[in-house]
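Everything on this sheet refers to the single structure shown next.
Number of protein chains: 2
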Amino acid sequence: MAVATKSLEELCINSIRFLAVDAIEKSKSGHPGLPMGAAPMAFVLWDSFMRYNPKNPKWFNRDRFVLSAGHGCMLQYALLYLTGYDSVTIEDIKQFRQWGSRTPGHPENFETAGVEVTTGPLGQGIANAVGLAMAEAHMAAKYNKPDAKIVDHYTYVILGDGCNMEGISGEAASLAGHYGLGKLIALYDDNHISIDGSTDVAFTEDVSKRFESYGWHVLHVENGNTDLGAIAKAIESAKAVTDKPTMIKVTTTIGYGSPNKQNTAGIHGAALGADETALTRKNLGWDYAPFEIPQDVLTHTRKAVERGAGYEAEWNKTFAGYKAKYPTEAATFERLISGKLPEGWNKGLPTYTPEDKGLPTRKHSENCINKLAAVLPEMIGGSADLTHSNLTEIKGEGDFQKGQYQNRNVHFGVREHGMGAICNGMALHGSGLIPYGATFLIFTDYMRAAIRLSALSEAGVIWVMTHDSIGQGEDGPTHQPIETLASLRAIPNLTVIRPADGNECSGAYTVAIEKAKANAPTLLAFTRQAVPNLAGTSIEGVKKGGYVLVDCAGTPDMIFIGTGSEVSLCVDAAKKLTADGKKVRVVSMPSTDLFDAQDAAYKESVLPKAVTKRLSVEAASSFGWHKYVGTDGDTVSIDTFGASAPGGTCMKEFGFSVDNVVAKAKALLG
Amino acid sequence: MAVATKSLEELCINSIRFLAVDAIEKSKSGHPGLPMGAAPMAFVLWDSFMRYNPKNPKWFNRDRFVLSAGHGCMLQYALLYLTGYDSVTIEDIKQFRQWGSRTPGHPENFETAGVEVTTGPLGQGIANAVGLAMAEAHMAAKYNKPDAKIVDHYTYVILGDGCNMEGISGEAASLAGHYGLGKLIALYDDNHISIDGSTDVAFTEDVSKRFESYGWHVLHVENGNTDLGAIAKAIESAKAVTDKPTMIKVTTTIGYGSPNKQNTAGIHGAALGADETALTRKNLGWDYAPFEIPQDVLTHTRKAVERGAGYEAEWNKTFAGYKAKYPTEAATFERLISGKLPEGWNKGLPTYTPEDKGLPTRKHSENCINKLAAVLPEMIGGSADLTHSNLTEIKGEGDFQKGQYQNRNVHFGVREHGMGAICNGMALHGSGLIPYGATFLIFTDYMRAAIRLSALSEAGVIWVMTHDSIGQGEDGPTHQPIETLASLRAIPNLTVIRPADGNECSGAYTVAIEKAKANAPTLLAFTRQAVPNLAGTSIEGVKKGGYVLVDCAGTPDMIFIGTGSEVSLCVDAAKKLTADGKKVRVVSMPSTDLFDAQDAAYKESVLPKAVTKRLSVEAASSFGWHKYVGTDGDTVSIDTFGASAPGGTCMKEFGFSVDNVVAKAKALLG
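Chains as they are written, first to last, in numbering that gives the first Met the number 0: chain A, 0 to 669; chain B, 0 to 669.
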């Protein structure tokens with residue numbers, strides 16, 4: 000542990016504060032309050048405890064740091080700069096919140112090396128951290144040997160009042176307590192101020208008691224502004240408790256040092272202004288120009304570079320010994336970290352013919368998960384308390400539980416949002432894990448913020464969503480997705496796939512696994528009810544998003560475009576129309592996202608401009624389908640809420656019958 | 000309070016159990032576990048405590064009952080049937096979960112009189128209940144007189160483990176504790192079983208301690224299966240504590256009475272099957288045929304009808320006295336309950352000319368809220384800790400706080416999801432309140448399940464969403480909505496409006512208030528940045544969703560379709576093209592939902608089929624726009640995530656400049 004003199008410590012802490020103050024003052028935008036108040040705890044953590052290598056931000060065994068209160072990102076940029084990361088130079092800090100900079104308005108892992116996850120939407124970070132700690136626990140349980148601990152790091156979080164008000168943090172914290180994640184240490188910046196003013200207006204609960212109720216080890220640093228010893232002691236105590244996560248409530252003053260604005264909401268999210276900046280300089284005895292950092296500070300803080308190189312060298316040595324002694328495990332471990340898939344990983348995925356028994360696509364999904372989990376040890380996941388409805392269990396595998404971290408079946412409880420952010424954290428741990436999280440498709444509404452963040456932050460997660468239409472039946476409109484598919488397809492960088500049968504399910508998982516390794520999430524939508532296996536469906540077809548399933552000679556009179564359970568309806572309706580002498584093509588469109596990504600020639604070959612009579616058939620909202628059916632086309636769809644009745648009845652009543660599809664087609668054909 | 004003999008009590012409780020068992024057995028679908036386990040607490044509550052009038056389910060001063068664990072809806076249908084509501088007959092119970100029945104798979108307030116809110120998505124109900132209790136507290140504080148309490152009822156909830164795992168319940172419970180809502184009493188069906196099995200797999204926190212940390216009064220009934228006296232005593236104790244909400248943990252056995260399935264996940268969500276049903280009959284000594292209820296039971300439980308008539312008569316007398324003594328207050332109160340708006344309520348809404356200073360539309364929103372709040376006492380709401388960013392404060396009005404329930408500015412804290420469900424509860428209280436909830440548009444992702452439920456359950460809420468595009472600037476992609484508008488427009492029954500300037504903001508609020516009184520929610524999207532006031536914008540135009548703002552002589556060569564902050568871009572681009580000799584129309588489309596609802600002739604008059612060169616301009620996803628621009632049109636849109644930079648820079652870099660719009664238009668025109 001590095002030892003710093005008292006005055007040097009003050010200088011270091013004020014360096015963090017003024018980098019934040021001056022960057023925000025320059026950009027006239029940002030949140031100085033948290034960096035000023037949390038600088039002491041952050042300095043103690045980064046200077047005396049955290050193990051990381053600034054010159055190799057991705058060094059595997061680094062401690063993970065998450066700034067859950069992401070609006071305070073200047074704190075993190077200051078730390079990265081001071082400790083010698085190449086990703087954040089003083090020039091980058093001067094470009095805070097500017098177009099193209101590496102110092103955006105909230106921490107973005109895909110922009111700035113050294114940032115582990117993308118935060119800003121409150122509560123996500125602490126839940127990501129639970130995922131990071133679960134990934135560490137899992138990899139440690141699986142790959143460590145009594146004589147070689149190759150996975151052994153802490154996950155540290157700084158979170159604020161806002162994070163603690165959000166339900167997602169409670170969900171994740173409850174699960175972290177249940178799992179007893181001893182290497183998760185959260186520092187709660189307890190500053191009593193949120194945007195609306197004192198937390199007295201809306202947040203007077205006893206947060207420490209709440210975390211105790213979750214099974215956390217809870218500590219309190221009463222003076223987080225200047226009592227660095229107490230902060231250090233608390234972190235030491237936290238590390239000493241190995242069977243519970245620790246929450247250290249660190250009471251601070253928001254905007255510490257600003258004589259007129261500290262301890263007010265005014266300093267939370269706005270630049271101090273020239274006058275108050277000058278007064279703050281005076282108050283804290285800071286005689287340096289904007290962006291000027293005393294050489295003594297840099298000399299001290301950049302010792303992190305040497306320390307970090309040492310940590311990594313030490314680990315490399317440990318790993319070399321491990322590799323010599325446990326070559327098989329080491330090979331798997333190295334493959335995982337490399338992000339590569341093993342040869343022939345997808346050979347076990349089943350294919351089907353129309354003679355094979357029709358099954359619910361969620362059942363095909365279960366088969367795929369089990370086939371893949373057998374060859375991909377990186378698959379880990381589960382359901383938000385719907386394991387036997389979502390069919391996500393890896394058979395013969397145990398449950399991930401306290402002391403059983405090597406197991407891969409995760410029970411998230413009825414905590415969809417927490418599950419989402421935890422999966423993101425596991426994916427971003429960098430250990431090659433492919434996490435998957437499951438619930439009913441409709442309940443993506445509970446976890447949408449986390450799904451969006453998976454797409455934004457390049458987290459290779461697979462979202463397994465079952466009961467994907469009114470075909471789910473009796474649960475009724477609260478449980479029947481209508482607009483859900485459209486709302487998910489609209490999210491950038493998220494691939495949504497709704498397979499029609501067994502072959503397309505194998506295709507869906509092929510895409511999802513490849514995307515996960517390419518750091519992109521996929522959302523899979525599966526039926527509750529059985530669907531037939533169709534002639535012509537294929538894994539290759541799914542990869543293209545949409546493809547010709549049934550064709551006619553010459554230019555079609557019309558094209559059906561179906562997805563999922565409605566593709567078989569299209570096939571049957573096409574048969575009837577063909578018998579009537581019409582030339583009909585059926586396009587299976589499991590993924591509009593993948594189809595949109597094809598080149599123009601391929602798209603034209605599937606949906607020729609000349610054929611304007613097009614009918615989409617999907618037991619969901621028409622929203623978004625006009626792009627494919629065009630001005631002269633139509634949709635068989637539902638633009639109202641569903642109803643409680645057996646699934647087959649719902650389907651029929653809402654128009655998903657061969658007769659109605661044929662009638663709609665005939666109306667189009669005129 | 001009614002007194003029942005011991006054996007009669009058992010019969011009543013078993014009647015509830017077997018109505019559930021037999022209805023679910025008949026439909027082969029449903030959740031018998033909760034009704035069987037929670038029947039004792041529900042019976043005690045409905046028989047000995049709750050005040051309601053079965054023959055007038057909407058009697059204003061009734062106690063509100065929420066089954067937050069909505070999957071156990073047969074419990075509620077059984078109670079409604081036994082106590083004599085006309086909405087649920089024995090025939091209705093036989094139609095459980097069938098097409099067109101009044102007994103759908105989860106409680107739906109819009110289907111079944113006596114059901115207050117729509118539950119099923121877990122955690123929503125307890126949060127709705129917080130809203131109901133807030134509405135009661137507000138109306139009581141405002142309208143009661145020392146000599147006439149016309150608003151005076153409890154809100155009771157039954158919730159389960161699933162509700163308690165969801166973050167939304169924590170958010171709402173924290174707020175309820177903060178507000179000290181003494182008339183909110185929650186019975187927690189603590190049965191240790193969720194769908195994945197024992198709660199030991201994912202939920203081992205100390206729930207009672209957690210509720211204590213929120214400031215709740217917490218009690219425990221150790222034997223909720225048979226100790227009716229303890230249940231009654233706990234409810235009495237709960238009522239005695241008037242400054243805190245109470246959570247009564249009632250430990251029960253899920254599926255109580257089923258010899259082989261009780262206390263297992265197997266009875267949570269599936270019919271018992273013929274054999275186990277027979278065994279359960281034997282075990283509980285129930286000799287009655289399916290759907291047969293002993294006359295003694297009905298004679299007893301239907302005393303609720305007489306009791307209820309008495310309660311209402313008593314209240315009518317109180318109200319008559321109130322009306323005589325306080326005619327002004329009574330008139331307002333009666334208007335509120337009637338759901339009507341006062342004459343001339345919208346006269347104060349401002350109109351603007353292009354000479355008026357351009358303002359952010361969130362500023363116009365603030366003006367509208369303040370103008371309306373001055374004449375509509377039913378407006379109550381606030382923000383999820385972004386009051387001074389969303390600009391939702393009613394000036395000169397105090398904060399809704401403990402003991403200050405008469406005030407209308409609500410601080411929800413950073414709890415978007417809780418806010419959403421609380422607003423739904425306030426709207427569904429039936430006291431004519433128009434609740435509004437605000438956050439940044441992007442954070443609708445946190446509360447989407449509640450927004451959807453507002454649309455499904457006919458809750459007249461106004462969702463006030465600011466910072467509606469990349470124009471919000473420096474906060475970056477985590478805070479910039481891209482797909483958000485599309486994802487909200489896709490929700491059935493939700494009207495989304497994105498006004499272009501001051502006049503359209505007045506139009507947006509005109510629609511939103513009228514919709515709220517018609518029990519439908521509206522979501523309003525406002526800019527952070529200033530926009531000019533445009534010539535030709537109007538309140539009437541907004542009501543039609545889309546209208547011609549700038550026109551040309553003859554058939555247009557092309558049509559621009561803009562929304563919100565991009566309408567002025569369209570106007571400027573049209574000027575340039577007109578100068579180049581093109582015939583250009585500009586359509587302002589603040590609401591595609593409202594436009595879609597117009598008749599075909601109107602739609603044709605705005606977007607004539609003959610004009611196929613159409614360009615939509617919206618700083619958001621293209622998703623959904625092809626319906627309006629057609630096959631030959633194009634969009635100026637963003638289908639990637641945004642970026643952190645000043646708003647003006649973002650707009651320009653992403654193509655929202657006059658030059659780029661003109662270039663895109665010229666490319667279309669060929």
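Ideal Cβ positions, reconstructed from N, Cα and C, are used throughout, including at glycine. All figures in this text were calculated on a predicted structure; none of them were measured in a lab.
- DSSP places A:Gly29 outside both helix and strand once states are collapsed to three, so it counts as coil.
- It is roughly 28 Å from the alpha-carbon of A:Ile247 to the alpha-carbon of A:Thr279.
- Taking a cut-off of 8 Å on C-beta distances, the region 80–95 of chain B does not touch the region 633–642 of chain A, as fewer than three cross pairs fall below it.
- Under the DSSP assignment, B:Val463 falls in the beta strand (DSSP E) whose first and last residues are 461–465.
- Listed in chain order, the non-local C-beta contacts of B:Leu121 below 6 Å within the same chain comprise Gly161, Cys162, Glu165, local neighbours out to five positions each way being set aside.
- Boundaries of the beta strand (DSSP E) around A:Ile247: 245–250.
- Per DSSP, the beta-bridge partners of A:Phe64 are A:Tyr155.
- For B:Asn408, the enclosing beta strand (DSSP E) has its first and last residue at 408–410.
- Partner residues in the beta bridge of B:Phe559, as assigned by DSSP, are B:Val585, B:Leu614.
- Put simply, the CB of B:Trp314 is far from chain A, with every gap to its CB atoms at 8 Å or more.
- For the set A:Asp188, A:Ala41, A:Gly29, A:Thr327, the Cα lying nearest the Cα of A:Glu8 is the one of A:Ala41.
- Inter-segment contact for the region 451–467 of chain A and the region 516–527 of chain A is present: three or more beta-carbon pairs are separated by less than 8 Å.
- By DSSP's assignment, B:His216 forms a beta bridge with B:Thr245.
- Non-local C-beta neighbours of B:Ile433 in its own chain, meaning closer than 6 Å and more than five positions away in sequence, comprise Glu377, Met378, Ala515, ordered along the chain.
- According to DSSP, residue pairing for A:Ala529 in a beta bridge involves A:Pro359.
- One Cα belongs to B:Ala201, the other to B:Asp226, and the distance between them is close to 29 Å.
- Leaving aside the five residues that flank A:Glu110 on each side, the residues in its chain whose CB is nearer than 6 Å to its CB run, in chain order, Arg101, Pro103.
- Put simply, the CB of A:Lys362 is far from chain B, with every gap to its CB atoms at 8 Å or more.
- Using a Cβ-Cβ cut-off of 9 Å, B:Ser86 is close to nothing in chain A; its nearest Cβ partner there is about 15 Å away.
- For B:Tyr76, there are no neighbours in chain A by C-beta distance under 7 Å, as the nearest C-beta there is about 12 Å away.
- In the DSSP assignment, A:Asp91 falls within the unbroken alpha helix (DSSP H) covering 89–93.
- In this structure B:Gly436 is in contact with B:Gly380, their Cβ atoms being roughly 6 Å apart against a cut-off of 8 Å.
- In the three-state reduction of the DSSP assignment, A:Thr509 falls in the helix class.
- In this structure, DSSP gives B:Ala662 a helical state, which the three-state scheme calls helix.
- DSSP places A:Asp579 outside both helix and strand once states are collapsed to three, so it counts as coil.
- A:Thr300 is the residue among A:Val549, A:Thr300, A:Gly535 whose C-alpha sits nearest the C-alpha of A:Val43.
- Segment contact: the region 346–356 of chain A against the region 167–178 of chain A, fewer than three CB-CB distances shorter than 8 Å; contact not assigned.
- The three-state secondary structure of B:Ser590, taken from DSSP, is coil.
- If you check each beta-carbon in the region 255–286 of chain A against every beta-carbon of chain B, the ones closer than 9 Å belong to Ala264, Gly268.
- Here the alpha carbon of B:Leu668 sits roughly 16 Å from the alpha carbon of B:Val616.
- Per the Cβ contact rule, the region 235–243 of chain A is not in contact with the region 188–201 of chain A (fewer than 3 Cβ pairs under 8 Å).
- One finds nothing in chain A with a Cβ atom closer than 9 Å to the Cβ of B:Val586; even the nearest lies about 16 Å away.
- Per DSSP, reduced to three states, the secondary structure at A:Asp571 is helical.
- For B:Tyr445, the C-beta contacts it makes with chain A under 7 Å involve Ala448, in order along the chain.
- According to the DSSP assignment, A:Tyr445 belongs to no beta strand (DSSP E) but to the alpha helix (DSSP H) extending over 443–455.
- Not flagged as an interface residue toward chain B: A:Met425, since no C-beta distance is shorter than 8 Å.
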